[in-house]
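*Asks:*
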Amino acid sequence: MEGVAAGEASAEGRSERWKRWLPMLLSTALATVPLFLTYAAARSLPVLADGALHSQLIEEMADGGSLWTATVSNYPPLYHVFGAQLYLLAGQAGIQLISPIALALASLLMFLIVRELTGNTILGLLTQLLLAFSPVLIFYSSVALMEPLLVATTLFAAYALLLLARRKSGGLLVLAAVAVASAALTKQVGLVMPIVAVAFMLATGAGLRRTGILAVVVTLLVAGPYLFLFLRADSIASPGPVPPTTMLERSGGPVGWVRYGTRWHDVPDWSWELDTELDTQAVYAQGTLTHERRHVYWYSLGDWSKFVSLHTLYPKSFFGYRSTPRPWVLTLLNVSMALGLLTAFALAVRSPPWRVIVLLLLISYPVMTIGSDTKRYFLYLSVIAAPFPFLPYWVGYRWLQRALAGRARVREVFVTVAPGIAAGLVVVLLTVIYSMGIMQVRATDGLRETQGGFVSAGGNASLRATAEWLQAHSAPDEGYMAASSYEWEYYSNRPDLWWEGLDYRLYFLPPERVDHYLRAGGARYVVIRDNQLVSDDAWEHIELVPLSFQATVRGLYPEVYVSPYGDIRVYEVATQEASS
Amino acid sequence: MNATAILMPVVLAVPGLAWSFVLLDRRHAGGLERVAVAVGLSIVIVPLTAALLGMSVRLPVALFSTTLVALALAALPGLWLWSKRRG
Numbered sequence: 004m005e006g007v008a009a010g011e012a013s014a015e016g017r018s019e020r021w022k023r024w025l026p027m028l029l030s031t032a033l034a035t036v037p038l039f040l041t042y043a044a045a046r047s048l049p050v051l052a053d054g055a056l057h058s059q060l061i062e063e064m065a066d067g068g069s070l071w072t073a074t075v076s077n078y079p080p081l082y083h084v085f086g087a088q089l090y091l092l093a094g095q096a097g098i099q100l101i102s103p104i105a106l107a108l109a110s111l112l113m114f115l116i117v118r119e120l121t122g123n124t125i126l127g128l129l130t131q132l133l134l135a136f137s138p139v140l141i142f143y144s145s146v147a148l149m150e151p152l153l154v155a156t157t158l159f160a161a162y163a164l165l166l167l168a169r170r171k172s173g174g175l176l177v178l179a180a181v182a183v184a185s186a187a188l189t190k191q192v193g194l195v196m197p198i199v200a201v202a203f204m205l206a207t208g209a210g211l212r213r214t215g216i217l218a219v220v221v222t223l224l225v226a227g228p229y230l231f232l233f234l235r236a237d238s239i240a241s242p243g244p245v246p247p248t249t250m251l252e253r254s255g256g257p258v259g260w261v262r263y264g265t266r267w268h269d270v271p272d273w274s275w276e277l278d279t280e281l282d283t284q285a286v287y288a289q290g291t292l293t294h295e296r297r298h299v300y301w302y303s304l305g306d307w308s309k310f311v312s313l314h315t316l317y318p319k320s321f322f323g324y325r326s327t328p329r330p331w332v333l334t335l336l337n338v339s340m341a342l343g344l345l346t347a348f349a350l351a352v353r354s355p356p357w358r359v360i361v362l363l364l365l366i367s368y369p370v371m372t373i374g375s376d377t378k379r380y381f382l383y384l385s386v387i388a389a390p391f392p393f394l395p396y397w398v399g400y401r402w403l404q405r406a407l408a409g410r411a412r413v414r415e416v417f418v419t420v421a422p423g424i425a426a427g428l429v430v431v432l433l434t435v436i437y438s439m440g441i442m443q444v445r446a447t448d449g450l451r452e453t454q455g456g457f458v459s460a461g462g463n464a465s466l467r468a469t470a471e472w473l474q475a476h477s478a479p480d481e482g483y484m485a486a487s488s489y490e491w492e493y494y495s496n497r498p499d500l501w502w503e504g505l506d507y508r509l510y511f512l513p514p515e516r517v518d519h520y521l522r523a524g525g526a527r528y529v530v531i532r533d534n535q536l537v538s539d540d541a542w543e544h545i546e547l548v549p550l551s552f553q554a555t556v557r558g559l560y561p562e563v564y565v566s567p568y569g570d571i572r573v574y575e576v577a578t579q580e581a582s583s
Numbered sequence: 178m179n180a181t182a183i184l185m186p187v188v189l190a191v192p193g194l195a196w197s198f199v200l201l202d203r204r205h206a207g208g209l210e211r212v213a214v215a216v217g218l219s220i221v222i223v224p225l226t227a228a229l230l231g232m233s234v235r236l237p238v239a240l241f242s243t244t245l246v247a248l249a250l251a252a253l254p255g256l257w258l259w260s261k262r263r264g
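In the order they appear, the protein sequences are chains A and B.
Heads up: the first sequence begins at 4 in the numbering used here, then just goes up one per residue.
Heads up: the second sequence begins at 178 in the numbering used here, then just goes up one per residue.
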């Protein structure tokens, strides 16, 4: 008898060990899936779009050994320093590893958060499964963008806050502070996390003292890097005009300049002239406001309507409501969101099922504050979307289990069948997201697209060939005018004078004035890509070029280079002898 | 390649792992939780410390300094725990 009992006990022990170890093994395996898939995709793609800027900053930082890079960064330094450290360790592969590592961590954290909230390991694994195989996440994580790391640091902050709310220890308070600071330091939009953290702590009864300690520690950690950014950055965004009030204050006249940090005496005369010649605000409003709305400008922090429009939902079609939302609508949305968030926090303290909603709101807040038309910000959405399908399943499962309490046989069948239903749900969802993902984000699109997401015949290959030509046919200090500067500068190793003021303001000027400014600005070439050309009426994007501008340039200058696919043309403004 | 294989975990996991023994309660922390906190903390504290030292005392962004920062960050909680254990 004793032997049988010992055997049973041993079998039970084995079963318990499996119960403990199996989820760990599965979760670890699921965390490595996006690591390999994303890294494989990253290795097969060239440096693309905004990834060109980040790669350039990282390489300059690592090669130069200093935070003071020649290319000025308008972002907090955490991402680039982390990238530089990986670059020093593994070369180019190191830069390509940033997002895969971040995604693997995000996947693991998603499992832990959902398990912590629901107490259900299967639910955590299913959520992790959806996140790990998300085509959107895999595709965008294959490009060196800041978003995957921000997703990971935001989840890290959410998890640390959750642990703190549950266990309330001094160590966890420090962990939460560091995690919240990490989200704030990854990208400017992460600055909402300290506010969310304070609201979360107050709503979950952490008390004023602990909340105050967290706020102080986060402020101390964040202050230095942001001060560095503030003192060093020449702008916190791409070109845009200085608002009229600032213009009047600083210059006494209707003069705008695209580089806010530039000292006024450094602004060349021709640029002052350009700003007085045309209504910069009107051109900017016509061509870039919708797209550039997502960017955060320093001046917008003091302009309430701009601030509101920058930081809230900006749906092109919100439940069929088709018009530009007015500031008061956006304000209302913002306030409702904040109130909803706080109410959900308060409910979470008493009612466990609400905790999933708290988590969703916590993570979705950065999503909602962006309000962007940019596809890659859907990364944030995919994170909150992952646990969403399982919420009804989880609530329904618990409810039915309780309802069937008196019917043991039926309940037994239900408990056996339910995981099968959940697995079926996962298969269906994975099929749907994959078929949608394949339609929407194919890796080959990345090769055909150039910055701004515009597809062309030659894509990145054409851009590289043209950039090589530019490098071979110009001196290191000779610049050119081309829209979508990051990729051009990264591949050509020559200054793109778009950043120096030869920008969209030239587009609608008469030919003699275009020629005057291009020569005054020192441009040797003008580069125009077919995939950027639009009719003048349709020009609504900072990276597009109106057809009339192409006609002007064609009439003024000889065409000196055409890319192998015939989709990029280079016009020579001045020969080297003439320009010197 | 060998140096990379050795230094990767030193930068990406060891400092966070060391701090996790200070910040997380041993009774509650499971293996996965510790792994997540170790990696999460490491990818924050190593670059952040390097950035703060770079801004203040111009510590160069280099392999040597990165390794040094990572090892120092890993040693601090180790020393603290050691001194605590000795009473």
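We treat Cβ as the ideally placed atom computed from N, Cα and C, and that holds for glycine.
Excluding sequence positions up to five away, which residues of its chain have a Cβ less than 7 Å from the Cβ of ASP53 (chain A)?
*Replies:* Counting from one through the first sequence, the residue named residue 53 (chain A) turns up at place 50. Result list for ASP53 (chain A): LEU148 and TYR489, in chain order.
*Asks:* Report the rounded CA-to-CA distance for LEU209 (chain B) versus TRP196 (chain B), giving the unit in angstroms.
*Replies:* Locating residue 209 (chain B) in the second sequence gives position 32, counting from the first residue. Locating residue 196 (chain B) in the second sequence gives position 19, counting from the first residue. Rounded to the nearest angstrom, the two C-alpha atoms are 15 Å apart.
*Asks:* Can you tell me the Cα-Cα spacing of VAL117 (chain A) and LEU134 (chain A), whole angstroms?
*Replies:* The sequence position of residue 117 (chain A) within the first sequence is 114, counting from 1. The sequence position of residue 134 (chain A) within the first sequence is 131, counting from 1. So the alpha carbons of these two residues sit roughly 12 Å apart.
*Asks:* Among residues of its own chain, excluding the 5 on either side of LEU403 (chain A), which ones have a beta-carbon nearer than 7 Å to its beta-carbon?
*Replies:* Counting from 1 along the first sequence, the entry for residue 403 (chain A) is found at position 400. Around LEU403 (chain A): PHE417.
*Asks:* DSSP three-state label for TYR528 (chain A), please.
*Replies:* Here residue 528 (chain A) refers to the residue found at position 525 of the first sequence. Residue state, collapsed to three classes: strand.
*Asks:* Give the straight-line distance between the Cα atoms of ALA96 (chain A) and LEU559 (chain A), rounded to the nearest whole angstrom.
*Replies:* Mapped onto the first sequence, residue 96 (chain A) falls at position 93. Mapped onto the first sequence, residue 559 (chain A) falls at position 556. Roughly 44 Å between the two C-alpha positions.
*Asks:* Taking 8 Å as the cut-off, does the segment 16-31 of chain A touch the segment 117-130 of chain A (at least 3 CB pairs, one atom from each stretch)?
*Replies:* They touch, by the three-pair rule.
*Asks:* Which residues in the same chain as VAL413 (chain A) place their Cβ atom closer than 6 Å to its Cβ, once the five residues preceding and following it in sequence are excluded?
*Replies:* Within the first sequence, residue 413 (chain A) is the residue found at index 410, counting from 1. Result list for VAL413 (chain A): LEU407, in chain order.
*Asks:* Taking all protein chains shown into account, do 16 or more other C-beta atoms lie within 10 angstroms of the C-beta of TRP259 (chain B), making it buried, or fewer, making it exposed?
*Replies:* Walking along the second sequence from the start, residue 259 (chain B) turns up at place 82. Looking at its Cβ environment, which holds fewer than 16 other Cβ atoms inside 10 Å, TRP259 (chain B) is exposed.
*Asks:* Counting C-beta neighbours from all protein chains within 10 Å, is the total for TRP502 (chain A) 16 or more, i.e. buried, or is it exposed?
*Replies:* For the purposes of this step, residue 502 (chain A) is taken as the residue at position 499 of the first sequence. Classification for TRP502 (chain A): buried.
*Asks:* Determine whether the beta carbon atoms of ASN534 (chain A) and SER459 (chain A) lie at a separation below 8 Å.
*Replies:* For the purposes of this step, residue 534 (chain A) is identified with residue 531 of the first sequence, where counting begins at 1. For the purposes of this step, residue 459 (chain A) is identified with residue 456 of the first sequence, where counting begins at 1. Cβ atoms of ASN534 (chain A) and SER459 (chain A): closer than 8 Å.
*Asks:* Ends of the alpha helix (DSSP H) at TYR489 (chain A)?
*Replies:* For the purposes of this step, residue 489 (chain A) is taken as the residue at position 486 of the first sequence. 488-495 is the extent of the alpha helix (DSSP H) around TYR489 (chain A).
*Asks:* On the DSSP letters alone, give me the boundaries of the beta strand (DSSP E) that GLY482 (chain A) sits inside.
*Replies:* The count along the first sequence starts at 1 and reaches residue 482 (chain A) at position 479. That run of the beta strand (DSSP E) goes 482-484.
*Asks:* So what does DSSP say about ASP499 (chain A), is it helix, strand or coil?
*Replies:* Residue 499 (chain A) sits at position 496 when you count from the first residue of the first sequence. Looking at ASP499 (chain A) - three-state DSSP - the assignment turns out to be strand.
*Asks:* Tell me whether LEU550 (chain A) counts as near the ligand NAD, meaning its Cβ is closer than 7 Å to at least one heavy atom of that ligand.
*Replies:* Among the components of this structure there are no ligands whatsoever, and the ligand NAD is therefore not found.
*Asks:* Contact criterion: CB-CB distance below 8 Å. Does VAL191 (chain B) meet it with respect to chain A?
*Replies:* In the second sequence, counting from the first residue as 1, residue 191 (chain B) sits at position 14. Not closer than 8 Å to any Cβ of chain A, the Cβ of VAL191 (chain B) fails to qualify, so no.
*Asks:* Per DSSP, what kind of secondary structure is PRO328 (chain A) in: helix, strand or coil?
*Replies:* On the first sequence, position 325 is the one that residue 328 (chain A) refers to. With a pLDDT of only 42 at PRO328 (chain A), under 50, the local geometry of the prediction cannot be trusted, and the value read off the model is given with reservation. In this structure, PRO328 (chain A) counts as coil in the three-state DSSP scheme.
*Asks:* If the cut is a Cβ gap below 9 Å, which residues of chain A does LEU245 (chain B) touch?
*Replies:* In the second sequence, counting from the first residue as 1, residue 245 (chain B) sits at position 68. By Cβ distance, chain A contributes nothing, its closest Cβ being about 12 Å from LEU245 (chain B), past 9 Å.
*Asks:* Check this for me: beta carbons of GLY217 (chain B) and LEU100 (chain A), under 8 Å apart or not?
*Replies:* Counting from one through the second sequence, the residue named residue 217 (chain B) turns up at place 40. Counting from one through the first sequence, the residue named residue 100 (chain A) turns up at place 97. Contact: no.
*Asks:* Where does ILE571 (chain A) fall in DSSP's three states?
*Replies:* Indexing the first sequence from 1 puts residue 571 (chain A) at position 568. ILE571 (chain A): strand per DSSP, three-state reduction.
*Asks:* Do LEU200 (chain B) and LEU178 (chain A) have their beta-carbon atoms positioned less than 8 Å apart in this structure?
*Replies:* One-based indexing of the first sequence puts residue 178 (chain A) at position 175. One-based indexing of the second sequence puts residue 200 (chain B) at position 23. For LEU178 (chain A) and LEU200 (chain B), yes; Cβs fall inside 8 Å.
*Asks:* Would you decide whether LYS190 (chain A) is buried or exposed? Buried here means 16 or more other CB atoms lie within 10 Å of its CB.
*Replies:* On the first sequence, residue 190 (chain A) is found 187 positions in, with the first residue counted as 1. With 16 or more Cβ atoms within 10 Å of its Cβ, LYS190 (chain A) is classed as buried.
*Asks:* Starting from the C-beta of ALA105 (chain A), find all residues in its chain whose C-beta is less than 6 Å away, skip the five residues before and the five after it, and write them out in chain order.
*Replies:* If you number the first sequence from 1, residue 105 (chain A) lands on position 102. Cβ within range, chain order: PRO151, LEU152 and ALA155.
*Asks:* Apart from the five residues just before and just after ALA34 (chain A), which ones in its own chain have a Cβ nearer than 6 Å to its Cβ?
*Replies:* Here residue 34 (chain A) corresponds to residue number 31 of the first sequence, with the count starting at 1. Counting only Cβ-Cβ distances below 6 Å, and skipping sequence neighbours, we find ALA107, SER110 and LEU111.
*Asks:* Quick check: the Cα distance between ILE571 (chain A) and ARG557 (chain A), rounded to an integer number of angstroms?
*Replies:* Against the first sequence, residue 571 (chain A) aligns to sequence position 568. Against the first sequence, residue 557 (chain A) aligns to sequence position 554. Approximately 13 Å, taken between the alpha carbons.
*Asks:* If you compare alpha carbons, which of B:ALA182, B:LEU248 and B:GLY193 is closest to THR213 (chain B)?
*Replies:* Your numbering for residue 213 (chain B) matches position 36 in the second sequence. According to the sequence shown, residue 213 (chain B) is Ala rather than Thr. Residue B:GLY193 is the option with its Cα nearest to ALA213 (chain B).
*Asks:* Return the first residue and the last residue of the alpha helix (DSSP H) that TYR520 (chain A) is part of.
*Replies:* The sequence position of residue 520 (chain A) within the first sequence is 517, counting from 1. TYR520 (chain A) -> alpha helix (DSSP H) spans 514-523.
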